[in-house]
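Q:
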Amino acid sequence: MTGTSSDAEQPERASSVSEYLDHVLAECGEDTSGEVSRDIPAPGATDPALHALAVVTADGSEYASGDDDHYFTIQSISKPFVYALAVDDAGLERVHEAVGTEPSGEAFNELSLEGGTGRPLNPMINAGAIITHQLVRPKPENPETHAQHTTSHSTEVQRRTARIVEGLSAFAGRDLKVEHDLAEDEYSKDYRNLVVRL
Numbered sequence: 001m002t003g004t005s006s007d008a009e010q011p012e013r014a015s016s017v018s019e020y021l022d023h024v025l026a027e028c029g030e031d032t033s034g035e036v037s038r039d040i041p042a043p044g045a046t047d048p049a050l051h052a053l054a055v056v057t058a059d060g061s062e063y064a065s066g067d068d069d070h071y072f073t074i075q076s077i078s079k080p081f082v083y084a085l086a087v088d089d090a091g092l093e094r095v096h097e098a099v100g101t102e103p104s105g106e107a108f109n110e111l112s113l114e115g116g117t118g119r120p121l122n123p124m125i126n127a128g129a130i131i132t133h134q135l136v137r138p139k140p141e142n143p144e145t146h147a148q149h150t151t152s153h154s155t156e157v158q159r160r161t162a163r164i165v166e167g168l169s170a171f172a173g174r175d176l177k178v179e180h181d182l183a184e185d186e187y188s189k190d191y192r193n194l195v196v197r198l
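Counting in full-length UniProt numbering, the sequence shown runs from 1 upward without gaps.
Spelled out as structure tokens, the structure:
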């Protein structure tokens, strides 16, 4: 006898997973103590009642609850995935030379830097995430990469962005896109989102 579930067990499992996700989402949705950021236009205009939860199991089964058909900006959720791309491209040793792994309870945009070296202490805070972005290899030159949107950023930055979007899309299992107007607005207002040189 194998450890795989029968066809009859699949609907029962799907039903129980879906019910559990509905329960978790309903329970978490009761907490309305947070606030939507008003610093940037798109998130500030987002309906705070929108929320969703999705799970993909190791066998590829997909389950979702809530507003899972709504497109949310991923913002800082991208950080661990870009960190993974940087490790894949540059190697763990090089990444650790550039950014530390100290845990932190500080704000996402805190300038947490190591004394004496200026090395960011954590890749999940903006200063560290900016470094890990720069450790991702730019995508090979391709005129189509930049045809859809013109920005003030250099070709290298655009190629690196294309590589990161491609990597994030692979993680998501579908094509993602950059909200260029939102990104440009963030660049113009927050100096802590600016790129630094390694």
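By construction, the Cβ of each residue, glycine as well, lies at the ideal position given by its N, Cα and C atoms. Given the structure is predicted, the values throughout are model-derived calculations rather than measurements.
For the alpha helix (DSSP H) that VAL157 lies in, which residues bound it at each end?
A: Here the question's residue 157 lines up with position 157 in the sequence shown. It spans 155-172 - the alpha helix (DSSP H) in which VAL157 sits, taken as one unbroken run.
Q: Terminal residues of the continuous alpha helix (DSSP H) containing TYR83?
A: The sequence position of residue 83 within the sequence shown is 83, counting from 1. Here the alpha helix (DSSP H) through TYR83 covers 78-90.
Q: Helix, strand or coil, according to DSSP, for VAL55 in the structure here?
A: Residue mapping note: residue 55 aligns to position 55 of the sequence shown, counting from 1. Looking at VAL55 - three-state DSSP - the assignment turns out to be strand.
Q: Under 8 Å: do the stretch 68-80 and the stretch 20-29 share three or more Cβ pairs, one atom per stretch?
A: These segments do not touch.
Q: Could you give the distance in angstroms between the alpha-carbon of residue 261 and the alpha-carbon of GLY167?
A: This structure gives no information on residue 261, because the portion of the chain shown stretches from 1 to 198.
Q: Using the three-state DSSP reduction, which class does SER16 fall into: helix, strand or coil?
A: Working through the sequence shown from its first residue, we reach residue 16 at position 16. Helix, per DSSP.
Q: Determine the DSSP secondary structure at GLY66, reduced to helix, strand or coil.
A: Position 66 of the sequence shown, counted from the first residue, corresponds to residue 66. In this structure, GLY66 counts as strand in the three-state DSSP scheme.
Q: Beta-carbon within less than 8 Å of THR145's beta-carbon, same chain only, minus the 5 sequence neighbours each way: which residues are those?
A: Your numbering for residue 145 matches position 145 in the sequence shown. For THR145, the predicted model reports a pLDDT of 48, less than 50, meaning its position is unreliable and no value from the coordinates is stated.
Q: Could you tell me the distance, in whole angstroms, from the CA atom of SER65 to the CA atom of GLY116?
A: Here residue 65 is taken as the residue at index 65 of the sequence shown, counted from 1. Here residue 116 is taken as the residue at index 116 of the sequence shown, counted from 1. Taking the straight line from one Cα to the other gives about 48 Å.
Q: Pick out whichever of VAL95, ASN126, LEU92 has its Cα sitting closest to the Cα of GLU106.
A: Taking the first residue of the sequence shown as 1, we reach residue 106 at position 106. For the residues VAL95, ASN126, LEU92, the minimum Cα distance to GLU106 belongs to ASN126.
Q: Would the beta-carbon of ALA90 fall within 9 Å of that of LEU53?
A: Counted from its first residue, the sequence shown places residue 90 at position 90. Counted from its first residue, the sequence shown places residue 53 at position 53. Cβ distance not < 9 Å, so ALA90 and LEU53 don't count as in contact.
Q: Could you tell me the alpha carbon to alpha carbon distance between ALA147 and GLU179, rounded to whole angstroms?
A: In the sequence shown, counting from the first residue as 1, residue 147 sits at position 147. In the sequence shown, counting from the first residue as 1, residue 179 sits at position 179. Any answer about ALA147 is weak, because its pLDDT of 46 lies below 50 and its placement is not dependable; what the coordinates show is given next. Taking the straight line from one Cα to the other gives about 15 Å.
Q: If contacts are defined as beta-carbon pairs under 8 Å, then ARG119 and ALA86 qualify, I think. What distance do you get, rounded to the angstrom?
A: In the sequence shown, residue 119 corresponds to position 119, counting from 1. In the sequence shown, residue 86 corresponds to position 86, counting from 1. Not quite, the Cβ-Cβ distance comes to about 14 Å (not below 8 Å), so this is no contact.
Q: Thinking C-beta only, is SER154 closer than 9 Å to residue 200?
A: Residue 200 cannot be examined here, being either before or after the span of the chain that is shown, 1 to 198.
Q: Taking the straight line between their C-alpha atoms, what separation do you get for THR132 and LEU182?
A: One-based indexing of the sequence shown puts residue 132 at position 132. One-based indexing of the sequence shown puts residue 182 at position 182. Whole-angstrom Cα-Cα distance: 21 Å.
Q: Verify whether the separation of the beta carbon atoms of GLY100 and GLU110 is less than 9 Å.
A: Your numbering for residue 100 matches position 100 in the sequence shown. Your numbering for residue 110 matches position 110 in the sequence shown. For GLY100 and GLU110, no; Cβs fall outside 9 Å.
Q: On the CB-based measure, 16 or more other CB atoms within 10 Å of its CB, does SER78 come out buried or exposed?
A: Here residue 78 corresponds to residue number 78 of the sequence shown, with the count starting at 1. SER78 comes out buried.
Q: Let me make sure I understand the geometry here. Which of SER15, ASN122, ILE74, LEU50 has the alpha-carbon closest to that of PHE171?
A: Residue 171 sits at position 171 when you count from the first residue of the sequence shown. Measuring from the Cα of PHE171, the nearest candidate turns out to be ILE74.
Q: Taking the alpha-carbon of SER169 as reference, which of PHE81, LEU92, PHE108 has the nearest alpha-carbon?
A: The residue given as residue 169 occupies position 169 in the sequence shown. Comparing Cα positions, the closest option is PHE81.
Q: Out of GLU186, SER188, SER16, GLY173, which one is the CA nearest neighbour of GLY60?
A: Walking along the sequence shown from the start, residue 60 turns up at place 60. If we check each option's Cα against that of GLY60, GLY173 comes out closest.
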